[in-house]
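Report on the following structure.
Residue numbers (the numbering used here): 478 to 875.
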C-alpha cells in the first residue's frame, strides 16, 4: 500500500510540527515536505510530489490567497485544504480561497494551540484522506480504503477520552496504541446489497427540496447551483456541515454564481419558492408547520450524529411535514448523517437522490443511505443539477 503524501505550509513552526505529528502518527499518511510561506511552497513543489497541501492563509512573503492565484497560473492540480482563522474577516478570505479552487477548509485552533489541536485532529485526517486519497488514486497509487482512516479517527477519539477521564499522566500508562485497533492487514468492507423499501404512498408533487452534504460539499454545491434551473419553483433547504462564522459568506458566494437567490437561513422566516436556504453554522435547521404556512426553524439543541447542523434533523422535519411531496438529496460526506432520515423520507413516499461513488469526495453518507434503501437513484455530480431540475419540473407544484 502507498501512503497519501502531505505538504504542510504554515509560517508557524509550532503549527507545522503539530500537524506534521498528526499526519505521521496516522498509518497511511506521510509528510513529504513543509513550507514557511507560499513562495517557499512553490519552490518545494518543484521536487516534492504531494497528494494534498495544507495551506495557511496569513503568511509573510506570499499569502495563501496569493499562492492559490499563482497555482492557477501554473496549472497545478494538487488539492489544497485551507487552514483558516475563525474570525469574520478570515471567513471572507476563506470563501475567496474556495472560489479560487481550494478544495475545503479547516478552522485552526484558538489561542492555546497545543491544547486545542485535538479539536481538529479528526478533520485533518478526514480531509487529507478524502481529498488527498482521491488525488492519489487518480494518479495510480494504491491506498487504504476510507474506512481504514475512519477507524484511526475513532482510535484518536478513544485516546482523547482516556486522557480527559483519567488525566494525561495516568492515561499514558494505559495508552491505546494504533496496534490495538488498526490491524496489520486491512480488509476492505464487503459491499452491502441495498434494503428494498416499499414506500407508504406513491411520490407526489414536489413542494420542497432538501439537500444534506458534508466533506467535499463546498465545491460540489457550487457545481450544482451554478447549473440549477433558473425557473425552478420549489424552495431548496441545504445542510452543509460548516462551522459558525462561514455560512453567511458561503451563501453569498453561491448567490454570486446561482440563478436563484441563495441566503443563510434565518429563524422564523417563511419558506419561499425558488429560494435556496443554507443552514447557519452551529444551528440545526428544520421546517416548522404553522397555520399560515411552513417556516424555517433554527435551534442549538445537542448535535446529532456529531454534527450541528445535522442533515438528519432537516430530513426528519421534511419527512414528517411534506411526506411524499418532497425531494431529498444526500451527497458527498464522511459518516452517516442524513442516511437514516432520508430513508424515512423515502418510506413516506418522497423522491430521493444520492451522489454516486465515482463523483463523491467521500462516499460515506450517500453510501449508507443507499444501503439502507433511502436512495431511489444514484447520480453523478456532473448530472445532479439537471436531475434535480428535471424532477422538480416534472413534479412541480400546481
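Using N, Cα and C, we set each Cβ at its ideal position, and we do this for glycine too.
First through last residue of the beta strand (DSSP E) which encompasses residue i
| i | result |
| --- | --- |
| residue 713 | 713–717 |
| residue 863 | Element bounds for residue 863: not the beta strand (DSSP E) but the alpha helix (DSSP H), 858–871. |
| residue 739 | 738–741 |
| residue 532 | 529–533 |
| residue 687 | 685–690 |
| residue 803 | 803–807 |
Rounded separation between residue i and residue j - CA only
| i | j | result |
| --- | --- | --- |
| residue 569 | residue 794 | 31 Å |
| residue 718 | residue 753 | 16 Å |
| residue 620 | residue 871 | 42 Å |
| residue 780 | residue 636 | 21 Å |
| residue 585 | residue 562 | 6 Å |
| residue 552 | residue 839 | 24 Å |
| residue 708 | residue 742 | 21 Å |
| residue 589 | residue 560 | Confidence is the limiting factor: at residue 589 the pLDDT is only 43, short of 50, which leaves the residue's position unreliable, though a coordinate-based value still follows. Their backbone Cα atoms lie some 16 Å apart in a straight line. |
| residue 576 | residue 642 | 42 Å |
| residue 508 | residue 808 | 30 Å |
| residue 591 | residue 500 | Any reading at residue 591 is ruled out, since the residue's pLDDT is 46, under 50, leaving its predicted position unreliable. |
| residue 535 | residue 512 | 13 Å |
Reduced DSSP secondary structure (H/G/I, E/B, other) of residue i
| i | result |
| --- | --- |
| residue 598 | helix |
| residue 509 | strand |
| residue 798 | helix |
| residue 621 | coil |
| residue 729 | helix |
| residue 771 | strand |
| residue 499 | helix |
| residue 709 | coil |
| residue 576 | helix |
Among the options, the one whose alpha carbon lies nearest that of residue i
| i | options | result |
| --- | --- | --- |
| residue 767 | 787, 784, 746 | 746 |
| residue 554 | 517, 836, 616 | 616 |
| residue 691 | 478, 580, 825 | 580 |
| residue 496 | 599, 673, 613, 710 | 599 |
| residue 686 | 612, 758, 694, 827 | 827 |
| residue 480 | 845, 527, 489, 724 | 527 |
| residue 680 | 694, 801, 706, 622 | 801 |
| residue 878 | 625, 550, 739, 524 | Given that the chain is displayed from residue 478 to residue 875, the structure contains no residue 878 and the question cannot be resolved. |
| residue 844 | 512, 810, 710, 504 | 810 |
| residue 869 | 543, 738, 804 | 804 |
| residue 738 | 543, 861, 710, 683 | 710 |
Close beta carbons around residue i, own chain, < 6 Å, minus the five adjacent residues each side
| i | result |
| --- | --- |
| residue 702 | 731, 735 |
| residue 821 | 796 |
| residue 841 | 810, 811, 812 |
Cβ neighbours of residue i in the same chain (closer than 7 Å, five flanking residues each side left out)
| i | result |
| --- | --- |
| residue 847 | 671, 831, 855 |
| residue 877 | With the chain covering only 478 through 875, there is no way to say anything about residue 877. |
| residue 545 | 557, 574, 577, 578, 579 |
Element boundaries [alpha helix (DSSP H), containing residue i]
| i | result |
| --- | --- |
| residue 614 | 610–615 |
| residue 542 | 541–551 |
Contact set for residue i: own chain, Cβ-Cβ below 8 Å, skip 5 residues either direction
| i | result |
| --- | --- |
| residue 859 | 700, 836 |
| residue 758 | 719, 720, 721, 722, 723, 724, 786 |
| residue 558 | 529, 530, 531, 532, 579, 580, 581, 582, 583, 604, 605, 608 |
| residue 726 | 568, 569, 571, 572 |
Any non-hydrogen atom of the ligand MG closer than 7 Å to residue i Cβ
| i | result |
| --- | --- |
| residue 502 | Absence of the ligand MG is noted for the structure shown, with no ligands found whatsoever. |
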